[in-house]
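Below is one structure, written out as C-alpha cells; comments come after it.
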Amino acid sequence: MNTKRLILGNEALAYGLLKNGCQMACAYPGTPSSEILSAVVSLKKEMDLDIHAQWAVNEKVAFETAYAGAQAGLRTAVAMKQVGLNVAADPLMSSVYLGVKGGFLVISADDPGPHSSQTEQDSRLMAVMAKLPVLDPDSPGQAAELAGIAFELSEAFEIPVMLRPTTRVCHSRQSMDVEKIEMTRREAAFDKNPGRWAATPKFRLQLHKELEAKLTKIADYEPTRPRLVSGTAKGCGQAIVVAGVAAANARDIIKERSLDIPVYQVVQPFPLHKEFIRQMNAYDEILVLEETWGVIEMQLADKNRVKGKNTGFISPVGELLPENVEERICAFAGVDYQAPQITMLPGRRPTLCAGCPHRASFYAIKKAAPKGIFTSDIGCYTLGCNLGAVDTVTCMGAGISQAAGFTIAYAKNEKQPPVFSTIGDSTFFHSGIPGLIETVTKKIPFVLVILDNRTTAMTGHQPTPASGRDASGDSCIAVNIPAIVKGCGVNFIKIADPYDLPAFIDILKEAKAYCKENGPAVVIAEHPCLLDMDRAELKASFKKVIVNKDICDGCGYCVSHFECPALGLNNDTEQVCIDPGLCTGCAVCSFVCPKDALVLENQE
Amino acid sequence: MSNNQQIIISGLGGQGVLFITKLLAGAAMADNLPVLTSETHGMAQRGGNVISYLKIGEFSGPLIRPATADALIALKPESFAHHSYFLKPGGLAVVNSPNPVEDDRYRVCCGDATALAEKAGNVRSENVAMLGFFLGAMKNDTHIFSPDSLARMIKEKFQAKPAVAENVLNLLGSGMQLFEKR
Ligand code: SF4
Ligand code: SF4
C-alpha cells in the first residue's frame, strides 16, 4: 500500500503527537498554529482513535487543561501561536517547577516575518525564562520526529517540553509516510502529593533546585544532541551552526556551492548541550543561523568568535529567507555572491470579503460616531482599519480596556470624543469579559460592538463557545453571549443584524446617547461569516443590486468608503460596476450610495 | 529534461492558488518524487497577494530563492509583476491575462483563463483553466505533470460529485487547448 501523503507541517505535528500516544490535545487557534488541532481531529476520525481534542476558550485554559492530564500520567499536548504563549505564560512558568508525570508538550508556533502576528517574538526565549527544554524542527518530517523525542524527554525528566515550529514548518507540505496508528491507552492515575502539586513558596525553592539539576542533565541528553549535517568536524577554522528552517535552507546552499565547512544542526536550542559548547570553543569563527533571536548564540562560550543575530552579523528583524542565508554564508566563507535584481512592488492590501457583515458594522459605526475613537481587536475585523473604523489593535481583548483608558484620559478635556470598541465573538470569550466587567464598575461611557459571526473566521473557522459544536463538529452546549453581557452587569444590550444598515445605525446612535450617563452599552452585531454559510443558504438570501446608469456619476464614494471588493469604478463608462463573480448579494451597498444609484433589482 | 522543478504559483487570496499547488504536487508524488511546498495562510488570504512554492526533487528548504524558479503560474497580470523576480533567466511564465505581457528576460505565455472560466459558467474556476494552460506550456519541459495523473486525482478528489469533476476536467482540457491555439 502506498502510504505517502503530502502533509502540512501542522498535520505532521499532529501525526507525531498521536503516533507517540498523545491522549489529550488542547489549543486556541492562531496563525500559524491553527491546523495542528484540526489535524488531530481528522486523524482521530480517520484512524478511529480514542483521544480527546478540544478548542479551549483561550491559551491559558488550553494549557491548564492539557497540563492536568499530564499530572494524571497521560501524554498530552497544548498548541498555540507565539503571542498565545504570552497568555499562557502564567501556567507555563509554574508548571515547569512542578513538573509532570506523563509527557507534556507545549507547542508554540513562531511567525518570523511577521506574516500574521503582532510581534516576531522568539518562543525559545520564553523557554529560557521558564527554564524548560525547547526543540526546533526544520521541516514537517522533523517536526513529527521531534514530537516523539520530546515525549521521551518530558517523561525521562518529568518536565514539560516546548516544541517551537515556525511558519515555514507549519505551513510547508512534505511528501511523507503516514501509517495507521495503533494506540495503547494509558489509564489516568493522579498520584496525590500536595507537597509537590500544590507547593508553597518554601517548597518552590526546593523545586527550583531540582529543576536546575534536571536542566544540567538535559544539556547532556543523547537523543537531542546537535547533529553534524554536512562536512567533517575539524576542531579549528570555521563552523556553521544552524537550527529550524534556517538549517534546511543552509543545507541546500552548502550542497549547491560545495562548501567544505562543518555544519552542525542544533535541535535543542535550550539548554544547549555542554559538550557541544566545549566543541565549538575549538573553532576560530562560528556562524549561527537561527530564528528569530540569538538563543543558541547567547549560550556559546566565547562571544568574540561568534557571528549571529546578537552581534549584528544577521539582521534581528524579519524572516531569514533562503537568499539571506545564502548571502550571509557567502560573506562568512569569503566566497562571491551575486545578488539577483529584485523590484519589490507594494502588495495588495487584504480586505474583508465581499458581503462580510463586519464591513456593514464598521460603516455603521463611522456613521454613528464620525468623530469617535475606535479601539479594536484581533481577527478578520482588524481589517476594519481600511474603512477608518479601527484606530487601535494591541492584543487579544485589549480593545475594551483601551476604550476605558481613552474615556478616562479624555475625562477632564473640554470635549469627550465618543469611544466605540469592536471585538469578535471568539476574542470576546478569549479575554474580553474581564475588561467589560471593569467598565461596568467604573461606569465607563463607551459602546461595545460585539461582532458575532458565530466562528473564529480568520484562523479557519474554529467553533466558539457560542457555536454549539465542539472541535470534532459534534453538538455541545452553546453559551449565550447576551446572557454573559448581562451577567457582567451591563444594562443596555441590543442585538441586531448589520445587514439592515439604517436600523443598525439608529441602534448605535441610541447606544451612544445611553452610555454618556449610564456606562457601557453593548450592541451585538449578529450575522454569520459568509464562508461558513452553505451555497443554498447564500443563494436563498441573495439580493441583486444593480447600478442605475442614469444616476451614478462615478463619484467613487461607495468604492472608497465602503470598499466592497465587488464594487469597482469602470474607467470607460466612469460609473460603478458590480463584479458578479464576487458579489454575494448582501445588498448593504444599496444603503451606502448617497445618490441612491445602487438599487435592488426588483425595486428600480 | 530535469526532474528537479521549482515552481511559483501566485494569485490573490480566494483564487485557489492552493488547490492547483496540491494537484501539481500530487502529480509529482505519483511519480515517487520527493515534494516540498509552502503556502500563505492568515490575513493575506482575505484578498491579498498569496504565493505558493512548489519544489520537486532533492531539496531541504521549502522556499524558492529569487532568480531560481523554473516556472511561474500567475493567476492575475499583477501576480506576474509581483513575483516574476523568482524566475531564473529564460524561465517559463504563464499569465492569466487577456492582453500580452512583455518581458524579454523570460518565456512569457498569456492566456485569458478568466474568459474561459466565464464561458464555462464558473468564474471561480479560472485557476483550473490556468492549470490546463500551464500543462500545455510545460509539455516539452518535463514529464512530471502528466494530464492523465492530474485527471485521476481530480476524479478521486470529487468522487462524491461527479458533475463537478466533469466540469473541472473540461476546463482543464480547454485550458490546454487555449495554449495549443495560441
Ligand atoms: S472570512 Fe468571514 S469574517 Fe472574515 S472577512 Fe470573510 S466574511 Fe468576514
Ligand atoms: S451587494 Fe453590494 S456590498 Fe454586497 S457584496 Fe454585492 S456589491 Fe458588495
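Chains G and C, in that order, are what the protein sequence lines are.
FYI, in my numbering the residues of the first sequence are 1 to 604.
FYI, in my numbering the residues of the second sequence are 1001 to 1182.
Ideal placement from N, C-alpha and C gives every residue a C-beta, glycine not left out.
Asked                                                                                                                                                                       : Found
Return the residues of the segment 1140-1167 of chain C that lie within a Cβ-Cβ distance of less than 7 Å from chain G, sorted by chain order.                              : none
Which complete alpha helix (DSSP H) runs does the segment 218-302 of chain G hold, if anything under 4 residues is left out?                                                : 244-256, 274-280
Which residue comes first and which comes last in the beta strand (DSSP E) that contains Phe-420 (chain G)?                                                                 : 419-424
Going by alpha carbons, who is nearest to Gln-402 (chain G) out of G:Ala-198, G:Phe-446, G:Lys-415?                                                                         : G:Phe-446
Would you identify the three-state DSSP class for Met-396 (chain G), choosing helix, strand or coil?                                                                        : coil
Answer yes or no: do Asp-425 (chain G) and Met-396 (chain G) have a C-beta to C-beta separation smaller than 9 Å?                                                           : no
With distance defined between alpha-carbon atoms, name the residue in G:Gly-312, G:Ile-218, G:Ala-247 nearest to Lys-1063 (chain C).                                        : The sequence shown places Leu at residue 1063 (chain C), not Lys. Among G:Gly-312, G:Ile-218, G:Ala-247, the Cα nearest to that of Leu-1063 (chain C) is on G:Ala-247.
Of all the CB atoms in chain C, is at least one closer than 9 Å to the CB of Ile-314 (chain G)?                                                                             : no
For the 8 Å Cβ check, are there 3 or more pairs between the segment 265-283 of chain G and the segment 215-231 of chain G?                                                  : yes
Where do the N-terminal and C-terminal ends of the alpha helix (DSSP H) with Tyr-499 (chain G) fall, by residue?                                                            : From DSSP, Tyr-499 (chain G) is part of no alpha helix (DSSP H); its letter is neither H nor E.
Report all residues from its chain with a CB closer than 8 Å to the CB of Ala-144 (chain G); omit the five preceding and five following residues, and keep chain order.     : Ala-12, Leu-13, Tyr-15, Gly-16, Lys-19, Met-176
Can you give me the Cβ contacts of Pro-482 (chain G) inside the same chain, cut-off strictly under 6 Å, excluding the 5 residues immediately before and after it?           : Ile-493
Tell me whether Ala-331 (chain G) is buried or exposed, calling it buried when 16 or more other Cβ atoms sit within 10 Å of its Cβ.                                         : exposed
If contacts are defined as beta-carbon pairs under 8 Å, then His-1083 (chain C) and Ile-1051 (chain C) qualify, I think. What distance do you get, rounded to the angstrom? : 6 Å
Does the segment 1141-1148 of chain C come within contact of the segment 1093-1107 of chain C, defined as at least 3 CB pairs closer than 8 Å?                              : no
From the beta carbon of Val-1095 (chain C), is the nearest beta carbon of chain G less than 9 Å away?                                                                       : no
Would you mind listing the beta strand (DSSP E) stretches within the segment 440-466 of chain G that are 3+ residues and don't spill past its ends, in chain order?         : 447-452
Quick one, what's near ligand 2 if you take every residue whose CB is closer than 6 Å to any heavy atom, in chain order?                                                    : G:Ala-354, G:Gly-355, G:Val-545, G:Cys-564, G:Ala-566, G:Leu-567, G:Ile-578, G:Cys-583, G:Thr-584, G:Gly-585, G:Cys-586, G:Ala-587, G:Val-588, G:Cys-589
Does any C-beta atom of chain C lie closer than 9 Å to the C-beta of Leu-37 (chain G)?                                                                                      : no
Give me the residue from G:Ala-72, G:Val-479, G:Ala-239, G:Ser-116 with the minimum Cα distance to Arg-1046 (chain C).                                                      : G:Ser-116
Relative to the alpha-carbon of Val-1108 (chain C), which residue among C:Glu-1118, C:Ser-1097, C:Gly-1016 has its alpha-carbon at the smallest distance?                   : C:Ser-1097
For the beta strand (DSSP E) that Thr-1037 (chain C) lies in, which residues bound it at each end?                                                                          : 1035-1038
Return the residues of the segment 1073-1102 of chain C that lie within a Cβ-Cβ distance of less than 8 Å from chain G, sorted by chain order.                              : Glu-1078, Ala-1081, His-1082, Tyr-1085
List the residues of chain C that Asn-249 (chain G) touches, going by C-beta distances under 8 Å, in chain order.                                                           : Ser-1060, Gly-1061, Leu-1063
Kindly provide the ranges of any alpha helix (DSSP H) runs that are 4 or more residues long and lie completely inside the segment 3-39 of chain G, ordered along the chain. : 9-19
Let me know the secondary structure DSSP gives Tyr-1053 (chain C) once reduced to three states.                                                                             : strand
What does a CB cutoff of less than 6 Å around Phe-313 (chain G) pick up in its chain, not counting 5 residues either side in sequence?                                      : Lys-307
Looking at the unbroken alpha helix (DSSP H) that takes in Lys-486 (chain G), where does it start and where does it end?                                                    : 481-487
Can you say whether Asn-947 (chain C) is buried or exposed, counting buried as having 16 or more other CB atoms within 10 angstroms of its CB?                              : For chain C, the structure presents residues 1001 to 1182; residue 947 (chain C) sits outside this window and is missing.
Using a 10 Å radius around the Cβ and a threshold of 16 neighbouring Cβ atoms, would you call Glu-297 (chain G) buried or exposed?                                          : buried
Considering Phe-1134 (chain C), what are the terminal residues of the alpha helix (DSSP H) in which it resides?                                                             : 1126-1138
On a CA-only basis, which of C:Asn-1122, C:Leu-1171, C:Ala-1074, C:Glu-1180 is nearest Leu-1012 (chain C)? Give me that one, please.                                        : C:Ala-1074
Measure the beta-carbon distance from Leu-321 (chain G) to Ile-400 (chain G) and round it to whole angstroms, keeping in mind my assumption that it falls under 8 Å.        : The Cβ separation is near 38 Å, so there is no contact.
Against Arg-1107 (chain C), what residues of chain G qualify as contacts under a CB-to-CB distance less than 7 Å, listed in chain order?                                    : Per Cβ cutoff of 7 Å: no residues; Arg-1107 (chain C) is ~18 Å from chain G at best.
Per the DSSP calculation, Cys-1110 (chain C) is bridged to which residue(s)?                                                                                                : C:Val-1095
Between which two residues does the alpha helix (DSSP H) carrying Met-1029 (chain C) extend?                                                                                : 1017-1030
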